[in-house]
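Position one of the sequence shown corresponds to residue 150 (the numbering used here), numbered consecutively onward.
Ideal placement from N, C-alpha and C gives every residue a C-beta, glycine not left out.
Beneath this line is the structure, given in structure tokens, with notes to follow.
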Amino acid sequence: MDAARYLRRVGVDPEGVTTDLESLHRLQRAHVETVPFENLSIVGDPFAEGRGEGVTLDPDALYEKVVGRERGGYCFELNGLFHGLLRAVGFEADRVAACVLNEDGSVGTPANHHTNIVDLDRRYVVDVGLAVPPLRRPLPLAGGVRTDRAGVDWRVVDSDRPDAGYLTQFRKPGGEWTDRYVLQERPRELSYFRASCDYLSRAPESPFTGDPVVTVGTGEGYKKLDHETLTVYREGTETERAVPEAEWHDTLAAEFGLRVNGAE
Numbered sequence: 150m151d152a153a154r155y156l157r158r159v160g161v162d163p164e165g166v167t168t169d170l171e172s173l174h175r176l177q178r179a180h181v182e183t184v185p186f187e188n189l190s191i192v193g194d195p196f197a198e199g200r201g202e203g204v205t206l207d208p209d210a211l212y213e214k215v216v217g218r219e220r221g222g223y224c225f226e227l228n229g230l231f232h233g234l235l236r237a238v239g240f241e242a243d244r245v246a247a248c249v250l251n252e253d254g255s256v257g258t259p260a261n262h263h264t265n266i267v268d269l270d271r272r273y274v275v276d277v278g279l280a281v282p283p284l285r286r287p288l289p290l291a292g293g294v295r296t297d298r299a300g301v302d303w304r305v306v307d308s309d310r311p312d313a314g315y316l317t318q319f320r321k322p323g324g325e326w327t328d329r330y331v332l333q334e335r336p337r338e339l340s341y342f343r344a345s346c347d348y349l350s351r352a353p354e355s356p357f358t359g360d361p362v363v364t365v366g367t368g369e370g371y372k373k374l375d376h377e378t379l380t381v382y383r384e385g386t387e388t389e390r391a392v393p394e395a396e397w398h399d400t401l402a403a404e405f406g407l408r409v410n411g412a413e
């Protein structure tokens, strides 16, 4: 991995990176505000024939996609590659398995989320692979509330589940705490996630094989594009704008810096 090139991809000066909490926070925030969460490699261009090129967890292919071609990806790709960057610049980082919860609190596909834990003065969850809201800063395990610059509160608390040690939660301004995912501390290899990644990128019932979704963090919130609507969340307020087919590719390029298929 060319770590310096990766850092420049997310707008971080390689000369200014150290292995402290401030740098870790800067790296995470820069990543989620630069590299989109997107499933276009799975679903393809929504207005063209055929599916996307597919998803692989090969580190070289991930690097070429995210850094070389300036694309995004979903959790296995983004956190999978970001883990390599963290290690390359000197952080003690572990890949760990998590499980995003259903709305009723039930667990879906096992290991349906890849996240990272970094050892500094304590252990922190560091995640650049969530859609919305994005997680912009390291979260200490069972270490209290952290508020990001979009006004969203985050915390990691002890889990009362027998299959997980911790629960990650968020709270939008004026809202209630919402469970995001449970996780275990046990370190995993990237290959551990291959079965879940294959299933979620191919199964008809997967949330990633239906409509396109592209999201990216902003200084005040985030942007999200599906096949017909651009949603902008800013300082606690969400607005929507219809995006007709004739404007979809231009919107994708202007708002997210992405081009797909015939629009490339």
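Asked                                                                                                                                                        : Found
Report the residue from TYR330, ALA395, ARG310 and PRO282 whose alpha carbon sits nearest the alpha carbon of GLY366.                                        : PRO282
Determine the DSSP secondary structure at ALA247, reduced to helix, strand or coil.                                                                          : strand
Determine the DSSP secondary structure at ARG285, reduced to helix, strand or coil.                                                                          : coil
Does DSSP put LYS416 in a helix, a strand or coil?                                                                                                           : Because the chain spans 150 through 413 in this model, residue 416 falls outside it and cannot be assessed.
Classify THR264: buried if its beta carbon has 16 or more other beta carbons within 10 angstroms, exposed otherwise.                                         : buried
From this set, CYS248, VAL381, THR167 and GLU354, which residue's C-alpha is nearest ARG236's C-alpha?                                                       : THR167
For ASN265, report the span of its beta strand (DSSP E) as first-last.                                                                                       : 262-268
Spell out a yes or no on whether the region 283-292 and the region 165-181 are touching, meaning 3 or more CB-CB pairs, one atom from each, closer than 8 Å. : yes
Would you mind reading off the limits of the alpha helix (DSSP H) that contains GLU387?                                                                      : Run containing GLU387: none in the alpha helix (DSSP H); it sits in the beta strand (DSSP E), 386-391.
To the nearest angstrom, how far is it from the Cα of ASP307 to the Cα of TYR341?                                                                            : 24 Å
In terms of alpha-carbon separation, which member of PRO195, ARG295 and THR400 lies closest to TYR273?                                                       : ARG295
Going by alpha carbons, who is nearest to ASN261 out of VAL363, ALA344 and ALA153?                                                                           : ALA344
Have a look at LEU156 and GLY385 and give me their C-alpha separation to the nearest angstrom.                                                               : 30 Å
DSSP three-state label for ALA412, please.                                                                                                                   : With a pLDDT of 42 at ALA412, under the threshold of 50, the predicted position of this residue should be treated as unreliable, and no value is reported.
Among the residues of its own chain, which have a CB less than 6 Å from the CB of THR388, if the five just before and after it don't count?                  : VAL381
So what does DSSP say about ASP162, is it helix, strand or coil?                                                                                             : coil
Which partner residues of LEU332 appear in the DSSP bridge assignment?                                                                                       : ALA247 and TYR315
Is it buried or exposed, SER255, if we count other Cβ atoms within 10 angstroms and call 16 or more buried?                                                  : exposed
Quick check: LEU379 and ARG220, are their CB atoms within less than 8 Å of each other?                                                                       : no
Short check: CB of LEU211 to CB of GLY229, under 8 Å?                                                                                                        : yes
Only counting the same chain, and skipping five residues up and downstream in sequence, which positions put a Cβ closer than 6 Å to that of PRO163?          : ALA153 and LEU156
With the cut-off set at 8 Å, would you say VAL409 and ASN188 are in Cβ contact?                                                                              : no
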